[in-house]
Each structure stands twice: as structure tokens, then as C-alpha cells.
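Asks:
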Amino acid sequence: MPIPLGSAFSREALEARFRDEPDWLKTRRRLAWERFESSPWPSRADEEWRRTDLARLDYRGIARLGGGQTTMDGAALFGHAPESCEQAGPRPSRETKFTALNEAFAEAEALVHVAPGATRLASIVRRGGEAFFPRTLVVLEERSEAVVVEVEEDDSCRSGLCSGLAELRVGPGAKLTYVRVQVLGEGVGNFDTIQATLKAGSDVTLVVANAGGQLTKQFVEASLVGEGARLGLFGLTAGARSQHHDIQATIVHAAPSTTSDVLYRTALRGRARSVFVGTIQVKKGASKTDAYEASRNLLLSKEARADSIPRLEIETDDVRCGHASATGPLDEEQLFYLMSRGLTAGEAENLIVEGFFADALTRAPGGGELGWVPDFVRGSLMRVLEGRDRHG
3 MPIPLGSAFS REALEARFRD EPDWLKTRRR LAWERFESSP WPSRADEEWR RTDLARLDYR
63 GIARLGGGQT TMDGAALFGH APESCEQAGP RPSRETKFTA LNEAFAEAEA LVHVAPGATR
123 LASIVRRGGE AFFPRTLVVL EERSEAVVVE VEEDDSCRSG LCSGLAELRV GPGAKLTYVR
183 VQVLGEGVGN FDTIQATLKA GSDVTLVVAN AGGQLTKQFV EASLVGEGAR LGLFGLTAGA
243 RSQHHDIQAT IVHAAPSTTS DVLYRTALRG RARSVFVGTI QVKKGASKTD AYEASRNLLL
303 SKEARADSIP RLEIETDDVR CGHASATGPL DEEQLFYLMS RGLTAGEAEN LIVEGFFADA
363 LTRAPGGGEL GWVPDFVRGS LMRVLEGRDR HG
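Residue numbering for the sequence shown follows our numbering, beginning at 3 and increasing consecutively.
1) Rounded to the nearest angstrom, how far is the Cβ of Leu208 from that of Ala231, given a contact under 8 Å?
2) Can you find a CB in chain D that lies within less than 8 Å of the CB of Glu111?
3) Identify the continuous alpha helix (DSSP H) that holds Ser40 and give its terminal residues.
4) Scan the region 274 to 332 and note each continuous beta strand (DSSP E) run of 3 residues or more that stays entirely inside, going in chain order.
5) For Ala362 and Leu265, what's the separation of their Cα atoms in angstroms?
6) Do Ala10 and Arg66 come within 8 Å of each other at the CB atom, strictly closer than that value?
7) In chain order, what residues of the same chain lie with their CB nearer than 6 Å to the CB of Phe278, ignoring the 5 residues before and after it?
8) CA-CA distance, Ala242 and Leu372?
9) How is Gln250 classed by DSSP in three states: helix, strand or coil?
10) Where Arg31 and Glu143 are concerned, what is the direct C-alpha to C-alpha distance, given to the nearest angstrom?
11) Count the other CB atoms, across all protein chains shown, that sit within 10 Å of the CB of Trp35; report buried if there are 16 or more and exposed otherwise.
12) For the beta strand (DSSP E) that Gln197 lies in, which residues bound it at each end?
13) In angstroms with no decimal places, state the Cα-to-Cα distance between Ser303 and Gly348.
14) Hey, Ala110 and Ser146: beta-carbon distance below 8 Å or not?
15) Let me confirm a value: Phe378 is counted as buried when at least 16 other C-beta atoms fall within 10 Å, else exposed. Which label applies?
16) Identify the continuous beta strand (DSSP E) that holds Tyr266 and give its terminal residues.
17) If Glu105 sits next to Leu139, beta carbons under 8 Å apart, how far is it from one beta carbon to the other, in whole angstroms?
18) Looking only at DSSP bridge pairs, what is Ser165 linked to?
19) With a CB to CB cut of under 7 Å and the five nearest residues on each side skipped, what residues in its chain are close to Arg122?
20) Hey, could you find the ends of the alpha helix (DSSP H) Arg53 is sitting in?
21) Go ahead and pull the three-state DSSP assignment for Ser125.
22) Is it buried or exposed for Thr364, if we count other Cβ within 10 angstroms and need 16 for buried?
23) What three-state label does DSSP hand Cys87 in the structure shown?
24) Do Gly324 and Tyr294 come within 8 Å of each other at the CB atom, strictly closer than that value?
25) Work out the CA separation of Arg343 and Ala176 for me, nearest whole Å.
26) Shortest alpha-carbon distance to Leu178 belongs to which of Ala274, His247, Phe80 and Leu233?
27) Grab me the residues of Arg313's own chain with a C-beta within less than 6 Å of its C-beta, minus the 5 sequence neighbours each way, in chain order.
28) Can Ala224 and Ser244 be called in contact, C-beta distance under 8 Å?
29) Apart from the five residues just before and just after Pro42, which ones in its own chain have a Cβ nearer than 8 Å to its Cβ?
30) Rounded to the nearest angstrom, what separates Cys59 and Ile5 at their Cα positions?
31) Could you give the distance in angstroms between the alpha-carbon of Ala211 and the alpha-carbon of Ala326?
32) Tell me which same chain residues have a C-beta within less than 7 Å of the C-beta of Trp51, skipping the five on either side of it?
33) Tell me which residue opens and which closes the alpha helix (DSSP H) that Thr101 is part of.
34) Quick one: what's got a C-beta closer than 6 Å to Phe236's C-beta in the same chain, skipping five residues either side?
35) The ligand SAH and Glu23: does any heavy atom of the ligand fall closer than 7 Å to the residue's C-beta?
36) Can you look up Glu111 in the DSSP assignment and give me helix, strand or coil?
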């Protein structure tokens with residue numbers, strides 16, 4: 003079913019907003035808009051979308067696309083790059099209606115480029131308006147190392163749109179830790195794609211946290227294309243009220259001796275719902291692959307619902323692959339034990355939930371300039387489950 007759109011979603015609005023940009027960039031936007039207009043809306047008849055209903059969204063009231071504020075440290079803007087750089091931006095591995103919309107209206111596009119053998123710390127914090135379109139490219143050259151933290155937040159939006167794209171290109175022997183935290187307003191529809199390509203001997207840790215928004219549809223895709231590449235993907239999701247989080251993670255092993263470890267932790271309260279579809283693909287020739295995925299769901303109310311769907315698609319021999327999934331309520335014995343030690347029911351529950359998130363949360367970088375990251379992620383998750391706003 004199409005999402006109702008207002009006049010802000012038009013070619014005329016696009017051309018008026020970006021009339022002063024270079025011709026090559028205006029052309030890129032125009033072509034992206036044409037692809038957006040010509041492509042169909044996702045439907046529940048599509049396997050990837052059948053558990054997510056877009057009918058709850060209505061964007062006729064959005065008066066302006068873009069805007070908001072972006073703060074960067076260790077990253078550069080390439081939205082107004084010279085013509086020779088027009089191909090520098092991120093490119094989705096497969097285009098959807100939302101990635102086309104992202105390319106049409108993207109602003110403050112971020113680039114983190116790390117030269118061979120160099121190291122970099124980078125943070126990108128985006129505070130959106132009614133509708134915003136984060137776009138990030140991270141490129142690590144051979145034997146380089148980087149930690150990149152990206153935050154999408156919105157303190158007040160009751161009805162809005164965020165459509166984001168991040169591409170991570172990790173060269174041979176490079177090491178990347180990438181943290182993406184979504185703490186959008188309670189009425190926002192969030193459509194997000196994160197994709198990574200890992201060359202030989204590279205090592206990537208992804209920490210992806212979703213705490214905000216009314217509806218989130220997120221695709222996380224990683225392709226291990228070089229021998230010996232290693233990936234750790236650690237997801238943390240908190241949902242309350244009627245929030246809906248639909249995460250699709252696809253890990254492709256396309257080279258020998260590659261390793262992936264996927265762990266998703268989700269805690270839900272109220273009538274919140276989560277969907278996690280985790281797919282591990284092992285291509286022909288990718289022998290000695292070692293891949294494992296696990297999804298754990300903690301239900302804090304009788305109305306909450308979590309669906310976990312693990313998939314293995316193996317096309318070669320001599321591999322070790324596995325998956326696990328578990329969903330259940332709080333452990334009453336743990337709760338009783340903590341309360342018998344003097345904690346209130348609320349304090350005991352919070353302690354159990356924090357422990358539930360801990361093994362994934364410890365993968366987030368801490369110390370030094372990034373010492374704020376673990377506490378920020380933990381606080382964002384717990385505020386949702388405790389029913390507090392960001393400033394409470």
C-alpha cells in the first residue's frame with residue numbers, strides 16, 4: 003500500500019530546494035527522483051515486507067524535506083564535491099524505493115576516508131527535522147584502522163521520515179568498528195540500509211542499536227569477499243508502546259576461511275513488535291567458513307511479540323554454520339532473588355534487562371574520546387523500556 007505523500011514530495015520541490023547545486027549533482031538527484039517515482043511501493047505480498055505494514059504511516063503533513071543539523075568530527079562533507087568526485091558517494095547494493103528517495107534528497111553526506119596504514123576516530127551526529135536522509139560512506143584502505151560512531155536522533159518529531167544509507171568499504175587487512183544508534187522521535191518511520199564489503203584479512207565489528215521511531219525497517223548486509231575476513235554484527239533493539247522494528251540481516255560468505263558472528267538482543271514492552279530475519283549465505287568456493295547467528299528476545303509484557311527467523315543457505319562443503327533463537331519473559335526466579343536483596347521490582351527488572359543487553363553492548367567502543375558511547379547506547383535503550391523521554 004502506498005504511503006500518502008504531501009506536496010513536499012515532488013520534483014518541483016526537489017528542484018527548488020537544490021537549485022544552487024552543481025549540475026552533476028542536480029542531475030544525480032533528478033535521476034534518483036525518477037527512479038523513486040517509477041518504482042513500486044513495498045507490499046506485504048513481498049516476502050521481505052510481509053510482516054511490516056506501511057499503512058500506519060501518513061506523510062501528507064510534511065511541509066519540507068531535508069533540514070536538520072549534522073555535527074561531524076573526523077568526517078568530511080562530500081555533498082558539494084567537484085565533478086571528478088561525483089561517484090564518490092555510497093551506492094546501495096540493491097536499490098529500493100527508499101534508497102532512491104535518499105539519493106534524491108540527501109544532505110550533509112558524510113565521508114570517512116582512511117589512508118593506508120592510518121588510524122581514525124570519527125563521530126557523526128544527525129538531528130533531523132520532519133524528514134531527513136542520512137548518507138554515509140566509510141572507506142578504509144589497506145591495513146588502516148577506524149572507529150566510526152553515527153547517531154540519528156530527533157527530540158520532538160511526532161510524525162516524520164528518516165531514510166538512511168551507509169556503505170562501508172573495508173580494504174585488505176583493515177580493521178573497522180562501526181556503531182550506528184537510532185533514537186528518533188516516537189512518530190518517525192525509519193527506513194535504513196547498512197552495507198559492508200570486507201576484503202581479505204579485514205576485521206569488522208558492527209554495533210547497531212534501534213531505540214526510537216514508530217516503525218523501523220532496517221537492512222544490514224555484509225559481503226565477505228576476501229579470504230580470512232572476519233565480521234561481528236551485534237544488534238540491540240528496545241521497543242515499547244506500539245513500536246515496530248523489522249530487521250533483516252544478510253551475511254554473504256563469498257571467500258574461503260571467512261568468519262561471522264551475529265548476535266541480536268531485543269527487549270519489548272507494551273504492544274511493541276519486533277521481527278528479525280537473519281540469513282547466512284555461503285557461496286560456492288567459500289570453504290572453511292565459520293558462521294553463527296543468535297537472536298534473543300526478552301518480552302516484558304504479555305502483549306509484546308517477537309519473531310525470529312534464522313536462515314542458512316549453504317552452497318559448499320567443509321563449513322561450520324549454526325544458528326539459535328530464544329524468546330521468553332523475565333525470569334521470575336531472578337526477579338525474586340534480586341528483590342529479596344532489597345531491590346524494588348522496577349530496579350530488579352532494569353538490572354536484568356541491562357544484563358540481557360550487556361554481551362552485545364560490550365562490543366561498543368569505550369574509553370578516551372569515545373567513552374560516552376556505551377552509556378549513550380545503554381541509556382537510549384533503557385529510556386524506551388522505562389517510558390522516559392530523552393531528557394528525563
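Every residue gets a Cβ at the ideal spot worked out from N, C-alpha and C, and that includes glycine.
All of these numbers come straight from a predicted model, not from anything done at the bench.
Replies: According to the structure data:
1) As a working mapping, residue 208 is identified with position 206 in the sequence shown. As a working mapping, residue 231 is identified with position 229 in the sequence shown. Actually they do not touch by this definition, with Cβ atoms about 13 Å apart.
2) The displayed structure is made up of one protein chain only, and chain D is not part of it.
3) For this step, residue 40 is matched to residue 38 along the sequence shown. Start and end: Asp25 to Ser40.
4) 275 to 284, 292 to 301, 307 to 316 and 322 to 331
5) Taking the sequence shown and counting its residues from 1, the one referred to as residue 362 is at position 360. Taking the sequence shown and counting its residues from 1, the one referred to as residue 265 is at position 263. Between Ala362 and Leu265, the C-alpha separation is close to 7 Å.
6) Reading the sequence shown from its first residue, position 64 is the one you call residue 66. Reading the sequence shown from its first residue, position 8 is the one you call residue 10. Going by C-beta atoms, Arg66 is nearer than 8 Å to Ala10.
7) For this step, residue 278 is matched to residue 276 along the sequence shown. Ile249, Tyr266, Ser297 and Ser310, listed in sequence order.
8) Looking up residue 242 in the sequence shown gives position 240. Looking up residue 372 in the sequence shown gives position 370. Cα-Cα distance, rounded: 28 Å.
9) Residue mapping note: residue 250 aligns to position 248 of the sequence shown, counting from 1. It is a strand residue.
10) Residue mapping note: residue 31 aligns to position 29 of the sequence shown, counting from 1. Residue mapping note: residue 143 aligns to position 141 of the sequence shown, counting from 1. Their backbone Cα atoms lie some 28 Å apart in a straight line.
11) Within the sequence shown, numbered from 1, the residue matching residue 35 stands at position 33. With 16 or more Cβ atoms within 10 Å of its Cβ, Trp35 is classed as buried.
12) Working through the sequence shown from its first residue, we reach residue 197 at position 195. Run containing Gln197: Val190 to Leu200, per the beta strand (DSSP E) assignment.
13) Residue mapping note: residue 303 aligns to position 301 of the sequence shown, counting from 1. Residue mapping note: residue 348 aligns to position 346 of the sequence shown, counting from 1. Each residue's alpha carbon lies about 14 Å from the other.
14) Position 108 of the sequence shown, counted from the first residue, corresponds to residue 110. Position 144 of the sequence shown, counted from the first residue, corresponds to residue 146. No, Cβ-Cβ distance for Ala110 and Ser146 is not below 8 Å.
15) The residue given as residue 378 occupies position 376 in the sequence shown. So Phe378 ends up on the buried side.
16) Indexing the sequence shown from 1 puts residue 266 at position 264. Element bounds for Tyr266: Thr261 to Leu270.
17) Residue 105 sits at position 103 when you count from the first residue of the sequence shown. Residue 139 sits at position 137 when you count from the first residue of the sequence shown. With 8 Å as the limit, Glu105 and Leu139 do not qualify as a contact, their Cβ atoms being about 12 Å apart.
18) Numbered from 1 along the sequence shown, position 163 holds the residue referred to as residue 165. Looking at the DSSP assignment, Ser165 forms a beta bridge with Phe193.
19) Locating residue 122 in the sequence shown gives position 120, where the first residue counts as 1. Here the set comprises Gly76, Val114, Val116 and Ala148.
20) In the sequence shown, counting from the first residue as 1, residue 53 sits at position 51. Run containing Arg53: none; DSSP gives neither H nor E here.
21) Counting from one through the sequence shown, the residue named residue 125 turns up at place 123. Ser125 falls in the strand class under three-state DSSP.
22) Within the sequence shown, numbered from 1, the residue matching residue 364 stands at position 362. The residue is exposed, with fewer than 16 neighbouring Cβ atoms inside 10 Å.
23) Your numbering for residue 87 matches position 85 in the sequence shown. In this prediction, Cys87 has a pLDDT of 48, which is less than 50 and means its spatial position is unreliable; what the coordinates show is noted afterwards. Helix, per DSSP.
24) Mapped onto the sequence shown, residue 294 falls at position 292. Mapped onto the sequence shown, residue 324 falls at position 322. Taking 8 Å as the Cβ cut-off, Tyr294 and Gly324 qualify as a contacting pair.
25) Start at 1 with the first residue of the sequence shown, and residue 176 comes out as number 174. Start at 1 with the first residue of the sequence shown, and residue 343 comes out as number 341. Distance between the alpha carbons of Ala176 and Arg343 is about 47 Å.
26) Here residue 178 refers to the residue found at position 176 when the sequence shown is read from its first residue. Closest option to Leu178, Cα to Cα, is Leu233.
27) Translated into the one-based positions of the sequence shown, residue 313 becomes position 311. So the list reads Thr281, once near-sequence residues are dropped.
28) The residue given as residue 224 occupies position 222 in the sequence shown. The residue given as residue 244 occupies position 242 in the sequence shown. Not in contact: Ala224 and Ser244 (Cβ atoms no closer than 8 Å).
29) In the sequence shown, residue 42 corresponds to position 40, counting from 1. The residues are Lys99.
30) On the sequence shown, position 57 is the one that residue 59 refers to. On the sequence shown, position 3 is the one that residue 5 refers to. It should be pointed out that residue 59 corresponds to Leu in this sequence rather than to Cys. Taking the straight line joining both Cα atoms gives about 6 Å.
31) The residue given as residue 211 occupies position 209 in the sequence shown. The residue given as residue 326 occupies position 324 in the sequence shown. Looking at the two C-alpha atoms, the distance is approximately 20 Å.
32) As a position in the sequence shown, residue 51 is number 49, starting the count at 1. Closer than 7 Å at the Cβ level, and outside the excluded window around Trp51, lie Pro44 and Ser45.
33) Within the sequence shown, numbered from 1, the residue matching residue 101 stands at position 99. Its alpha helix (DSSP H) spans residues Lys99 to Phe107.
34) Sequence index remark: in the sequence shown, residue 236 carries index 234 (1-based). The residues are Val209, Leu265, Ala362 and Arg365.
35) For the ligand SAH, the structure offers nothing, since it holds no ligand at all.
36) Taking the sequence shown and counting its residues from 1, the one referred to as residue 111 is at position 109. DSSP places Glu111 in coil when its eight states are reduced to three.
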